[in-house]
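Residue numbers (my numbering): 16 to 418. Glycine included, every Cβ here is placed at the ideal spot set by N, Cα and C. What follows is a short report on a single structure.
Printed below as a string of structure tokens:
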């Protein structure tokens with residue numbers, strides 16, 4: 016098995032093996048229109064750094080089709096609540112997202128986090144699948160270095176057998192935990208830079224039922240499970256382009272490299288059996304309400320979560336605090352301004368304006384909506400406003416393209 020993947024990887028290895036994810040939290044995070052420029056020649060990628068600037072050319076024609084809107088759920092555990100209640104709310108929220116027309120519903124792998132109940136991601140997705148009937152469900156994502164590729168093929172092959180045509184598998188390489196938890200999971204902490212691409216291709220071989228394996232992943236072999244590459248740096252963009260896979264960028268918490276990553280991915284994309292043209296999804300937080308005052312209030316729960324995480328005090332999702340942002344020192348406000356720059360706080364008109372600007376700038380094919388809100392009814396209302404705003408923006412873009 017390893018020798019087969021080694022040979023395939025040598026053929027595809029077109030960027031420097033030293034390229035790595037930048038520091039920061041793990042990605043949270045599972046086709047479309049050609050967006051940019053001529054196809055690259057099959058030569059080596061330049062050694063791109065986080066300081067490189069890549070010009071993003073506008074799509075021609077702009078907004079050629081409806082932008083999809085999806086939902087990312089970390090299955091938050093509220094202060095005063097427990098994982099049982101969090102998982103019940105996740106199923107209800109997924110059903111609500113489906114009723115609003117969301118395209119897919121992803122949950123994220125995290126471990127050792129008292130405020131996140133999605134550690135057993137495949138099990139959570141089975142729960143979500145039973146509560147819904149049409150919406151695509153998937154991992155946004157599975158942190159593949161934590162697992163043997165065969166086990167992931169079997170788990171998501173089982174999900175695909177239970178929910179045919181509905182399952183996505185987004186793959187990241189961050190641990191989804193701190194070093195202590197990673198060691199408790201028996202994760203190898205000394206892996207090389209090529210391990211993740213090899214594991215992705217091994218996973219592809221299991222789903223393809225490649226006869227050279229000598230055995231089959233059951234369930235798994237022959238199941239329709241589209242793979243995605245997730246990232247918050249340039250590495251994932253390069254790998255997704257090389258493998259011809261859709262790319263999801265974690266701009267909902269690490270937006271700094273978004274523009275460069277999208278440009279690299281579109282420029283260097285190679286068509287594959289899964290995907291003929293590049294396809295980009297990006298994260299965007301929405302904290303919406305019927306008044307600006309209420310929207311600012313509900314956003315403070317996630318603001319608290321980011322500050323607690325950055326100061327080494329992760330915990331359950333806290334209730335909103337009036338005036339929380341204004342009470343923070345300038346350094347903390349700057350942290351929030353950075354990590355939440357791909358976000359909108361406000362009424363439907365505010366969200367429409369901010370989503371339109373984000374889509375116009377990035378030309379993404381799909382936006383995955385995040386935003387942890389403590390009160391469940393307020394969270395549902397925020398999603399209703401976000402989906403209405405997104406549909407209005409997408410319809411406006413489609414009308415513009417038709418002119």
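Comparing alpha carbon positions, the residue from 161, 154, 318, 200 closest to residue 242 is 154. Contact between residue 159 and residue 186 holds, with the beta-carbon distance rounding to 5 Å and staying under 8 Å. No Cβ-Cβ contact shorter than 8 Å links residue 351 with residue 300. Shown here, residue 139 sits in a helix according to DSSP, grouped into three states. Per DSSP, residue 210 lies in no beta strand (DSSP E); the unbroken alpha helix (DSSP H) holding it starts and ends at 210-223.
Taken in chain order, the complete beta strand (DSSP E) segments of 3 residues or longer contained in the stretch 174-200 are 182-187. According to DSSP, residue pairing for residue 108 in a beta bridge does not occur. Annotated as distal: residue 407 and residue 381, with beta-carbon spacing of 8 Å or more. For residue 313, the uninterrupted alpha helix (DSSP H) segment begins and ends at 307-325. Secondary structure note for residue 120: it is in no alpha helix (DSSP H), and the uninterrupted beta strand (DSSP E) holding it is 119-122. At least 8 Å separates the beta-carbon of residue 385 from that of residue 115. Residue 379 carries a coil assignment under DSSP once its states are collapsed to helix, strand and coil.
Contact annotation: residue 360 and residue 403 have beta-carbon atoms that are not nearer than 8 Å. Straight-line measurement puts the Cα of residue 172 at about 10 Å from the Cα of residue 137. Only residues of its own chain outside the window of five on either side were considered, and among them 92, 132 have a CB closer than 7 Å to the CB of residue 98, listed in chain order. With a cut-off of 8 Å on Cβ pairs, the stretch 246-259 is in contact with the stretch 274-288, counting three or more such pairs. Cβ-Cβ separation between residue 240 and residue 222: approximately 6 Å, consistent with a contact (criterion under 8 Å). Pairing residue 332 with residue 347 gives a Cβ-Cβ distance that is not under 8 Å. Take residue 410, set aside five residues on each side of it, and the residues of its chain with a beta-carbon closer than 8 Å to its own are 81, in chain order.
Boundaries around residue 354 are those of the alpha helix (DSSP H), 345-354, since no beta strand (DSSP E) includes it. Considering only 183, 390, 326, 405, the residue with the shortest C-alpha distance to residue 314 is 390.
Considering only 397, 102, 338, the residue with the shortest C-alpha distance to residue 365 is 397.
With respect to residue 284, residue 251 sits apart: the two C-beta atoms are not nearer than 8 Å. When the five nearest sequence neighbours on each side are left out, the beta carbons in the same chain lying within less than 7 Å of the beta carbon of residue 237 are those of 224, in order along the chain. In this structure, residue 335 and residue 316 form a Cβ contact; the two beta carbons are roughly 5 Å apart against a cut-off of 8 Å. Residues of the same chain with a CB within less than 6 Å of the CB of residue 295, apart from the 5 flanking positions on each side, are 262, 277, 379, 380 in chain order. Within the model, the alpha-carbon separation for residue 288 versus residue 161 is close to 27 Å.
Under the three-state reduction of DSSP, residue 159 is assigned to helix.
Annotated as proximal: residue 298 and residue 267, with beta-carbon spacing under 8 Å. Apart from the 5 residues on each side of it in sequence, residue 232 sits with its Cβ closer than 7 Å to the Cβ of 165, 168, 169, 172, 221 in its chain, given in chain order.
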